[in-house]
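To keep things clear, I will list the structure first and then write my remarks on it.
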Amino acid sequence: MTHKTKMIVFITAVISMGGILLFGRFPKAPEPFLSNRQVIEQINSNFSEAQPLVIQDQIFLDDTHVFVPFISEDNRYGMSFWVWKGNKWRVASVENRGQPHVWNGEEKSLIMWNMDPKDDISEIRVFMKKDRDFMVSDGKATYQPGIEMMHSIVMQGKMYGVETYPDNWQELMDHFVKLKGEVGQKDFLELNEPIQLAINFYDKDGKETYPEHAFNGNSYTTGNHFVDVPFLVHVEVDELEGTY
């Protein structure tokens, strides 16, 4: 093989390798989600404290986000959240507890949970809240009415799940975000905080209770593949204005 031929082969190889690497950077449509064994391996490699034993389900939130509830080796009920990023399914966060979280997608918002049966929870009540507010600026009075709405999630024997907000809630929150964009930032900051979501819990006898197991635990979140799934704040019934 002549020197010229060797150079041609070398250059062709370099171009081919560069093409392969460049192609790998182009976004691809999500592949089928991982097997349960692969899920367990990835969770353990990122958050060894979780130690999942049983994968309860794989629930797609949209095409590129998946919610995976699990039961650990020490019988804790946990949750993991996954994202398709860099042409791979990657674990975004893991919790060895199951308190309700919220995920705000581009087209819909969802509430997710994995309640421990030892907490004896039969109903989760989700509240949309906003305090009333009144202000006077430059002689102009502005009043914001309060908001308090309740949505009930009944367990019906299935301790984990995913549920959308009621349609009117989503419309109201979208309207509030739009209103925020239309008013002056200074004025908006002087008004009250945005709409908030809160939760409380009831046992099979309809009595308010607190799920100790679901709220006690640790979590792991990776900054590189971060997915914002904040937990919902617990509120007691005597902190509410309405009667439910």
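For any residue, its number in the working numbering is found by taking its place in the sequence shown, counting from 1, and adding 915.
Where is the CB? At the ideal position from N, CA and C, for every residue including glycine.
Beta-carbon proximity of residue i to residue j, cut-off 8 Å
| i | j | result |
| --- | --- | --- |
| Val-1161 | Ile-1110 | Lying before the first or after the last residue shown, residue 1161 is absent from the chain, which here runs from 916 to 1159. |
| Leu-976 | Gly-1020 | yes |
| Asp-1035 | Ala-1129 | no |
| Leu-1112 | Val-1077 | no |
Which listed residue (the options) has its alpha carbon closest to that of residue i
| i | options | result |
| --- | --- | --- |
| Ser-987 | Asn-1133, Gln-1085 and Met-1064 | Asn-1133 |
| Gln-1071 | Ile-955, Pro-1032, Leu-1155 and Asn-951 | Pro-1032 |
| Leu-949 | Phe-941, Ile-974 and Pro-942 | Ile-974 |
| Glu-1086 | Gln-1014, Glu-1022 and Val-1144 | Glu-1022 |
| Pro-945 | Ile-958, Glu-956, Asp-978 and Pro-1081 | Asp-978 |
| Gln-1014 | Pro-947, Lys-1045 and Tyr-1075 | Tyr-1075 |
| Val-1162 | Leu-1155, Val-1144, Glu-1156 and Tyr-1159 | No statement about residue 1162 is possible, as the shown extent of the chain runs from 916 to 1159 and does not include it. |
| Tyr-1080 | Lys-1073, Phe-1146 and Ser-1067 | Ser-1067 |
| Leu-884 | Ala-1056, Lys-1045, Arg-952 and Val-1069 | In the structure as shown, the chain begins at 916 and stops at 1159. Residue 884 is therefore absent and cannot be evaluated. |
| His-980 | Arg-991, Asp-1118 and Met-1027 | Met-1027 |
Nearest-angstrom Cβ-Cβ length linking residue i and residue j, presumed shorter than 8 Å
| i | j | result |
| --- | --- | --- |
| Gly-1054 | Asn-1029 | About 53 Å; that fails the 8 Å criterion. |
| Gln-966 | Asp-989 | 7 Å |
| Val-954 | Val-983 | 6 Å |
| Glu-1123 | Val-1152 | 5 Å |
### Query
Does the pairing of the segment 1034-1050 with the segment 994-1009 give three or more beta-carbon distances under 8 Å?
no
### Query
Do three or more CB pairs link the segment 959-976 to the segment 1122-1137 at distances below 8 Å?
yes
### Task
Please confirm if the segment 1000-1012 is in contact with the segment 1059-1078, defined as three or more CB-CB distances below 8 Å between the two stretches.
no
### Task
Taking only runs that begin and end inside the segment 1013-1099, name each unbroken alpha helix (DSSP H) of 4 or more residues, in chain order.
1082-1097
### Contiguous alpha helix (DSSP H) assignments of at least 4 residues, all confined to the segment 943-1002
Runs of the alpha helix (DSSP H) inside the segment 943-1002: 951-961.
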